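> The structure under discussion is supplied below as structure tokens; questions concerning it will follow.
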Amino acid sequence: MTYTRFTVDSSTPSLWRVTFTNPPINLIDSMMIGELGELFAEVERNQGPAVLVFDSADPDYFLAHYDITAADRSLVDSLPPGPTGFHPWIDLLVRLSKLPAVTISAIRGRARGAGSEFVLACDIRFASRERAVLGQPEVGFGAMPGAGPVSWLPRLVGRGRAFEILLGGEDFYGELAERYGYVNRAIPDDEFETFVDHFVRRVSMFDRQALADIKHFVNKVSLPDDEEFPPQIDAFWEAAARPAMQARTAKAFEEGLQQRSDVELRLGEYVEQFTETVRPLRAETQRRVRADSPKGSGSRGGASTDLWANNKD
Amino acid sequence: MTYTRFTVDSSTPSLWRVTFTNPPINLIDSMMIGELGELFAEVERNQGPAVLVFDSADPDYFLAHYDITAADRSLVDSLPPGPTGFHPWIDLLVRLSKLPAVTISAIRGRARGAGSEFVLACDIRFASRERAVLGQPEVGFGAMPGAGPVSWLPRLVGRGRAFEILLGGEDFYGELAERYGYVNRAIPDDEFETFVDHFVRRVSMFDRQALADIKHFVNKVSLPDDEEFPPQIDAFWEAAARPAMQARTAKAFEEGLQQRSDVELRLGEYVEQFTETVRPLRAETQRRVRADSPKGSGSRGGASTDLWANNKD
Amino acid sequence: MTYTRFTVDSSTPSLWRVTFTNPPINLIDSMMIGELGELFAEVERNQGPAVLVFDSADPDYFLAHYDITAADRSLVDSLPPGPTGFHPWIDLLVRLSKLPAVTISAIRGRARGAGSEFVLACDIRFASRERAVLGQPEVGFGAMPGAGPVSWLPRLVGRGRAFEILLGGEDFYGELAERYGYVNRAIPDDEFETFVDHFVRRVSMFDRQALADIKHFVNKVSLPDDEEFPPQIDAFWEAAARPAMQARTAKAFEEGLQQRSDVELRLGEYVEQFTETVRPLRAETQRRVRADSPKGSGSRGGASTDLWANNKD
Numbered sequence: 027m028t029y030t031r032f033t034v035d036s037s038t039p040s041l042w043r044v045t046f047t048n049p050p051i052n053l054i055d056s057m058m059i060g061e062l063g064e065l066f067a068e069v070e071r072n073q074g075p076a077v078l079v080f081d082s083a084d085p086d087y088f089l090a091h092y093d094i095t096a097a098d099r100s101l102v103d104s105l106p107p108g109p110t111g112f113h114p115w116i117d118l119l120v121r122l123s124k125l126p127a128v129t130i131s132a133i134r135g136r137a138r139g140a141g142s143e144f145v146l147a148c149d150i151r152f153a154s155r156e157r158a159v160l161g162q163p164e165v166g167f168g169a170m171p172g173a174g175p176v177s178w179l180p181r182l183v184g185r186g187r188a189f190e191i192l193l194g195g196e197d198f199y200g201e202l203a204e205r206y207g208y209v210n211r212a213i214p215d216d217e218f219e220t221f222v223d224h225f226v227r228r229v230s231m232f233d234r235q236a237l238a239d240i241k242h243f244v245n246k247v248s249l250p251d252d253e254e255f256p257p258q259i260d261a262f263w264e265a266a267a268r269p270a271m272q273a274r275t276a277k278a279f280e281e282g283l284q285q286r287s288d289v290e291l292r293l294g295e296y297v298e299q300f301t302e303t304v305r306p307l308r309a310e311t312q313r314r315v316r317a318d319s320p321k322g323s324g325s326r327g328g329a330s331t332d333l334w335a336n337n338k339d
Numbered sequence: 027m028t029y030t031r032f033t034v035d036s037s038t039p040s041l042w043r044v045t046f047t048n049p050p051i052n053l054i055d056s057m058m059i060g061e062l063g064e065l066f067a068e069v070e071r072n073q074g075p076a077v078l079v080f081d082s083a084d085p086d087y088f089l090a091h092y093d094i095t096a097a098d099r100s101l102v103d104s105l106p107p108g109p110t111g112f113h114p115w116i117d118l119l120v121r122l123s124k125l126p127a128v129t130i131s132a133i134r135g136r137a138r139g140a141g142s143e144f145v146l147a148c149d150i151r152f153a154s155r156e157r158a159v160l161g162q163p164e165v166g167f168g169a170m171p172g173a174g175p176v177s178w179l180p181r182l183v184g185r186g187r188a189f190e191i192l193l194g195g196e197d198f199y200g201e202l203a204e205r206y207g208y209v210n211r212a213i214p215d216d217e218f219e220t221f222v223d224h225f226v227r228r229v230s231m232f233d234r235q236a237l238a239d240i241k242h243f244v245n246k247v248s249l250p251d252d253e254e255f256p257p258q259i260d261a262f263w264e265a266a267a268r269p270a271m272q273a274r275t276a277k278a279f280e281e282g283l284q285q286r287s288d289v290e291l292r293l294g295e296y297v298e299q300f301t302e303t304v305r306p307l308r309a310e311t312q313r314r315v316r317a318d319s320p321k322g323s324g325s326r327g328g329a330s331t332d333l334w335a336n337n338k339d
Numbered sequence: 027m028t029y030t031r032f033t034v035d036s037s038t039p040s041l042w043r044v045t046f047t048n049p050p051i052n053l054i055d056s057m058m059i060g061e062l063g064e065l066f067a068e069v070e071r072n073q074g075p076a077v078l079v080f081d082s083a084d085p086d087y088f089l090a091h092y093d094i095t096a097a098d099r100s101l102v103d104s105l106p107p108g109p110t111g112f113h114p115w116i117d118l119l120v121r122l123s124k125l126p127a128v129t130i131s132a133i134r135g136r137a138r139g140a141g142s143e144f145v146l147a148c149d150i151r152f153a154s155r156e157r158a159v160l161g162q163p164e165v166g167f168g169a170m171p172g173a174g175p176v177s178w179l180p181r182l183v184g185r186g187r188a189f190e191i192l193l194g195g196e197d198f199y200g201e202l203a204e205r206y207g208y209v210n211r212a213i214p215d216d217e218f219e220t221f222v223d224h225f226v227r228r229v230s231m232f233d234r235q236a237l238a239d240i241k242h243f244v245n246k247v248s249l250p251d252d253e254e255f256p257p258q259i260d261a262f263w264e265a266a267a268r269p270a271m272q273a274r275t276a277k278a279f280e281e282g283l284q285q286r287s288d289v290e291l292r293l294g295e296y297v298e299q300f301t302e303t304v305r306p307l308r309a310e311t312q313r314r315v316r317a318d319s320p321k322g323s324g325s326r327g328g329a330s331t332d333l334w335a336n337n338k339d
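Heads up: the protein sequence lines correspond to chains A, B and C, in order.
When we follow the working numbering, the leftmost residue of the first sequence carries the number 27, and every step to the right adds one.
When we follow the working numbering, the leftmost residue of the second sequence carries the number 27, and every step to the right adds one.
When we follow the working numbering, the leftmost residue of the third sequence carries the number 27, and every step to the right adds one.
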């Protein structure tokens, strides 16, 4: 199979390297979700690697975030339902967290929003000390992250730091991400490749059954229940339907969102500006919207037609 | 409403600042418990702020600890039962942990015993690197902490460090408190105010519903069950009824407890001395008391009449 | 009672010090398991100490790992069943984690494999910054650790770091072990004894009932369920029966395993070599063995006769 959003180096059968390459900033779009679904199916067929490592061809962006243009949103909705029956993005992450391979994110550049959700669903997260930037800026747009961070982060970094990451929406650079336990380690960038290469090759040489046993037993005491996720994405779709979020998103696109821009480099700082812009309208519009919007279905998201409409295209 | 134990700055409607000011050392007394109950009721009415930040007017004491004079103990017992039906102090902390506002402790100075219990029930804890001191010295007086630390700390810092904090009863200064995850971060004191101010203003500008959603979902996976708390305070009242604890407390008062004293500045060190004093008597008295003392009721504490009697007044 | 694998200093009734001394490298053998069982029975009779501290007479080895010679394996199997009915080693660790005394490991030197399992079952772990080395190298031999780490580590250090420790099988030196939360703290070696001595004396002077209460309540929210452990040791015995593991172990013995050797000093590095040696044979042999080997009984291990046979003796 040929992939367009990433390359797969499977020259070592026990160790596959997935390198994201979706210019300009490695957005997670419908095509990438579909292709990752294909890739995971290959791995699930159990003829795959012992270790699956994810990295990026772009040193500034690991996975910037979800492509939030309305056009792409519709494409995601048109993807065939995944094995779990959940929304395609949730489906993908649940499967990622249970793959019969050790999954490792080697994070250089930004991994925010859905990019952070992706690395949280991996078994292990290594970060470049100077280049990695993680965060969940959704709160700055008016939503809570919809695909897992409220499940993963409290268990990983503790309740207090999970609240700070999720409620503050700030950027977490490598060193602080390590102190908080958001990533396993932050490694100096000039040693990063050597460190990751050694670790993944090492693990890939170990006994497959031993690796599988460890994953099985650690999952038993630390994997969130699948049922935690659908209500999260419902809450996200509700937020996305609120005028406040649409206004903030529109403002962000004006400033350069989804482009190779300063906004994307320092999104954690910029979200404050988007908030200030739309603040006067907030209280009223929100109240109205909350009353009107019906609960989403839990599997596909609610009213999808008006989400982030006309933001970019 | 006028408060006497703290001031409330609500000039920014979305961001209320509560500044503890109860000289000489910001003890948590019956009046403060009552007043905090009133304040929380205001916030619960949902006309309150998005963010509630707690700080102290005294750079040496955030909240020193519970006022353990017998006279004040009786006053706490005479407070009307709170909404949860638990002991007033447990009731207050359970409500604090569930407030419909983001709660942040900005810790400068000592937060020991009940002061530590208070900050543990907040969503986020920021500490001054040089000035914050946290700890649970109860074990040094002969009791386990009765209002939450045995629930919060293992989940926050892991079982091993929770044991060290609770069994050792030592003082944890800012930097070590951060390394253990007892606080979110320890910030250099000269940057502390700027850092906290920026964070709380930022969060207070975000969408109320998004903040509420995050709190709801993080609580679902990280909030202790209410029923964990009452047996803890029962165990505390049992300890308080033992002669050993009364002897240690008496000794501590002689040395300057509850005053602006070296004992209060370095309580974590002093508890060893109190123990040595009463040690010869310990084994016998304890055994007798254990046999005599009936189990407490779980909501109000057991036999209250002889607790810390005549310690100070 | 006279012990041969460790000394017990009970000159202070409330503080017993257990010093491992089983040359050449403090292996955990059947004799040590039996003797520790006797010691724990003494402590369980409740006439024992408030604090039980474990250290080693050998600055290079705290507890190297399980004695994996077939001869000793048989001796373990011939030990009388412990109170829990589980395999003697699991039985011992479950009892350790519930002793009516505060248990503290003062780790200088290597604590790998079963040595790491031992310290994880203690309440508190202090490590020498320069001399402590922890790790679970089992994966490098072809097995997952069988007695607890998959239960303890995710809860202690979070899922991501637990995976790294267990899947990577590397050595964790004091400082990194602290950053990960694998130990409470790493203390500079020249301050290590003073630090530990002060802490354990301090705790041993505190009220016995208060210590017991803290252990009781912290256990309620952080102790793994006993039933988690037997399936783990079953998975371990299954692995041990596979030819791949026997081949790797044989290679390791050739290189100096269980002796005062460079292999034992840097086992985390050496396991890669053992893997490379046996790799060509791996895929085939494994598949055959998996089909043949019956599930173990959960309490005593499965087919014990062919485990690590003729490795050394």
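We treat Cβ as the ideally placed atom computed from N, Cα and C, and that holds for glycine.
Bear in mind that the values here come from a model prediction, so they are computed numbers and not experimental data.
Return the residues of the stretch 36-51 of chain C that lie within a Cβ-Cβ distance of less than 7 Å from chain B, sorted by chain order.
From the stretch 36-51 of chain C, no residue has a Cβ closer than 7 Å to chain B.
> Between C/A188 and chain A, is the shortest Cβ-Cβ distance under 9 Å, so that the two count as touching?
The sequence position of residue 188 of chain C within the third sequence is 162, counting from 1. Yes, its Cβ sits closer than 9 Å to a Cβ of chain A.
> Given A/A222, which residues of its chain have a CB within under 8 Å of its CB, disregarding the five upstream and five downstream residues?
By one-based count along the first sequence, residue 222 of chain A stands at place 196. The question names Ala, but residue 222 of chain A in the sequence shown is Val. These residues qualify, in order along the chain: V79, D81, I130, A132, F152, I213.
> Which runs of the beta strand (DSSP E) at least 3 residues long sit entirely within the stretch 180-234 of chain C? Give them in chain order.
Runs found: 211-213.
> Could you run through the stretch 224-239 of chain C and flag, in chain order, every residue whose CB is less than 8 Å away from some CB of chain B?
The stretch 224-239 of chain C vs chain B, Cβ under 8 Å: F225, R228, V229, M231, F232, D233, R234, Q235, A236, L237, D239.
> What does C/G200 touch in chain B if you count any residue whose Cβ is under 7 Å from its own?
Along the third sequence, read from residue 1 onward, the residue named residue 200 of chain C stands at position 174. Going along chain B, no residue has its Cβ under 7 Å from C/G200, so there is no contact; the nearest lies around 14 Å.
> Tell me, please, whether the CB atom of C/Q258 is closer than 9 Å to any CB atom in chain A?
Start at 1 with the first residue of the third sequence, and residue 258 of chain C comes out as number 232. Output row for C/Q258: interface = yes.
> Taking 9 Å as the CB-CB limit, is C/V289 close to chain B?
The residue labelled residue 289 of chain C in the question sits at position 263 within the third sequence. With 9 Å as the cut-off, C/V289 does not count as an interface residue toward chain B.
> Closer than 7 Å by C-beta to A/P85: which residues in its own chain qualify, once you throw out the five before and the five after it? Chain order, please.
Reading the first sequence from its first residue, position 59 is the one you call residue 85 of chain A. If we look at A/P85 and ignore the five residues flanking it on each side, its Cβ neighbours are R134, G135, R157.
> Residues in its own chain within less than 7 Å of C/A90 by CB, not counting five upstream and five downstream?
If you number the third sequence from 1, residue 90 of chain C lands on position 64. Contacts found: I51, N52, L53, R136, R138, G141, E290.
> Among C/L105, C/V145, C/S100, C/D103, which has the Cα closest to the Cα of C/L122?
What you label residue 122 of chain C is simply residue 96 of the third sequence in a count that begins at 1. Ranking C/L105, C/V145, C/S100, C/D103 by Cα distance to C/L122 puts C/V145 first.
> Inspect the beta-carbon positions of C/G108 and C/L101 and report whether they are closer than 9 Å.
For the purposes of this step, residue 108 of chain C is taken as the residue at position 82 of the third sequence. For the purposes of this step, residue 101 of chain C is taken as the residue at position 75 of the third sequence. For C/G108 and C/L101, no; Cβs fall outside 9 Å.
> So, is the C-beta of A/P85 closer than 9 Å to a C-beta in chain B?
Taking the first residue of the first sequence as position 1, residue 85 of chain A is located at position 59. No, its Cβ sits nowhere closer than 9 Å to a Cβ of chain B.
> If you measure from the beta carbon of C/S142 to each beta carbon in chain B, is any gap under 9 Å?
In the third sequence, counting from the first residue as 1, residue 142 of chain C sits at position 116. No, because no Cβ of chain B sits closer than 9 Å to the Cβ of C/S142.
> Taking C-beta to C-beta, are B/R181 and C/L182 nearer than 9 Å?
Counting from 1 along the second sequence, the entry for residue 181 of chain B is found at position 155. Counting from 1 along the third sequence, the entry for residue 182 of chain C is found at position 156. Their beta carbons are not under 9 Å apart, which means B/R181 does not touch C/L182 by this criterion.
> Is the distance from the Cβ of B/M231 to the Cβ of A/E61 below 9 Å?
The residue given as residue 231 of chain B occupies position 205 in the second sequence. The residue given as residue 61 of chain A occupies position 35 in the first sequence. No; because the gap between Cβ atoms is not below 9 Å, this pair is not in contact.
> Counting contacts by CB-CB distance shorter than 9 Å, is A/N337 in contact with chain B?
Reading the first sequence from its first residue, position 311 is the one you call residue 337 of chain A. Because A/N337 sits at a pLDDT of 36, beneath the cut-off of 50, its placement in the model cannot be relied upon, and the following sentence gives the value as read from the coordinates. No, because no Cβ of chain B sits closer than 9 Å to the Cβ of A/N337.
> So, helix, strand or coil for A/F112, using DSSP?
Start at 1 with the first residue of the first sequence, and residue 112 of chain A comes out as number 86. Coil, per DSSP.
> Taking one C-beta from the stretch 269-281 of chain B and one from the stretch 205-220 of chain A each time, how about it: are there three or more such pairs within less than 8 Å?
Contact fails: fewer than three Cβ-Cβ distances are below 8 Å.
> In three-state terms, what does DSSP make of B/R155?
Within the second sequence, numbered from 1, the residue matching residue 155 of chain B stands at position 129. Coil at B/R155, not helix or strand.
> Find out if the Cβ-Cβ distance for the pair B/G168, B/R268 is shorter than 9 Å.
Here residue 168 of chain B corresponds to residue number 142 of the second sequence, with the count starting at 1. Here residue 268 of chain B corresponds to residue number 242 of the second sequence, with the count starting at 1. Their beta carbons are under 9 Å apart, which means B/G168 touches B/R268 by this criterion.
> Return the bridge partner residues of B/Y87 from the DSSP annotation.
Taking the second sequence and counting its residues from 1, one reaches residue 87 of chain B at position 61. Note: B/Y87 sits in a beta bridge opposite B/R136.
> I need the straight-line Cα distance from C/D288 to B/E196, nearest angstrom please.
As a first step, residue 288 of chain C is located in the third sequence; it is residue number 262 there, counting from the start. As a first step, residue 196 of chain B is located in the second sequence; it is residue number 170 there, counting from the start. When rounded, the distance between both Cα atoms is 40 Å.
> Looking only at C-alpha atoms, which of B/W115, B/L105, B/Q73 sits nearest to B/Y92?
To locate residue 92 of chain B, count along the second sequence from 1; it is residue 66. Here the closest residue by C-alpha is B/W115.
> Expressed to the nearest angstrom, what Euclidean distance is found between the alpha-carbon atoms of C/G5 and C/M57?
Nothing about residue 5 of chain C can be reported from this structure: the residues present for chain C run from 27 to 339 only.
> Any residues in the stretch 155-166 of chain A with a beta carbon nearer than 8 Å to a beta carbon of chain B? Which ones, in chain order?
Within the stretch 155-166 of chain A, the qualifying residues are E164, V165, G166.
> Please work out which residues of its chain come closer than 6 Å, Cβ to Cβ, to B/V229, disregarding the five sequence neighbours upstream and downstream, and give them in chain order.
Start at 1 with the first residue of the second sequence, and residue 229 of chain B comes out as number 203. For B/V229, where only same-chain residues beyond five positions count, the Cβ hits under 6 Å are V77, V128.
> Can you find a CB in chain C that lies within less than 9 Å of the CB of B/A267?
In the second sequence, the residue the question calls residue 267 of chain B occupies position 241. Judged by the 9 Å Cβ criterion, B/A267 is not in contact with chain C.
> Using the Cβ count rule (16 or more neighbours within 10 Å means buried), how would you classify B/M27?
Position 1 of the second sequence, counting from 1, holds the residue named residue 27 of chain B. With fewer than 16 other Cβ atoms within 10 Å, it is exposed.
> Would the beta-carbon of C/D252 fall within 9 Å of that of C/R155?
Within the third sequence, residue 252 of chain C is the residue found at index 226, counting from 1. Within the third sequence, residue 155 of chain C is the residue found at index 129, counting from 1. Cβ distance not < 9 Å, so C/D252 and C/R155 don't count as in contact.
> What residues of chain B sit near C/V128, judged by a beta carbon separation below 8 Å?
The residue labelled residue 128 of chain C in the question sits at position 102 within the third sequence. Ordered by position in chain B, the residues that pass the 8 Å Cβ test against C/V128 are F189, L193.
> Is the Cβ-Cβ distance between A/T38 and A/A83 less than 9 Å?
In the first sequence, the residue the question calls residue 38 of chain A occupies position 12. In the first sequence, the residue the question calls residue 83 of chain A occupies position 57. It is not a contact, given that the beta carbons lie outside the stated cut-off.
> Taking DSSP as the reference, what is the three-state secondary structure of B/I240?
Taking the second sequence and counting its residues from 1, one reaches residue 240 of chain B at position 214. Residue state, collapsed to three classes: helix.
> Hey, B/L237 and A/L193: beta-carbon distance below 9 Å or not?
Here residue 237 of chain B corresponds to residue number 211 of the second sequence, with the count starting at 1. Here residue 193 of chain A corresponds to residue number 167 of the first sequence, with the count starting at 1. Result yes, Cβ atoms of B/L237 and A/L193 sit closer than 9 Å.
> With 9 Å as the threshold, decide whether the Cβ of A/R181 is near any Cβ in chain B.
Position 155 of the first sequence, counted from the start, is the residue given in the question as residue 181 of chain A. Cβ-Cβ to chain B under 9 Å: yes for A/R181.
> Alpha helix (DSSP H) containing A/V395: first to last residue?
Lying outside 27 to 339, the shown extent of chain A, residue 395 of chain A is not represented and no answer is given.
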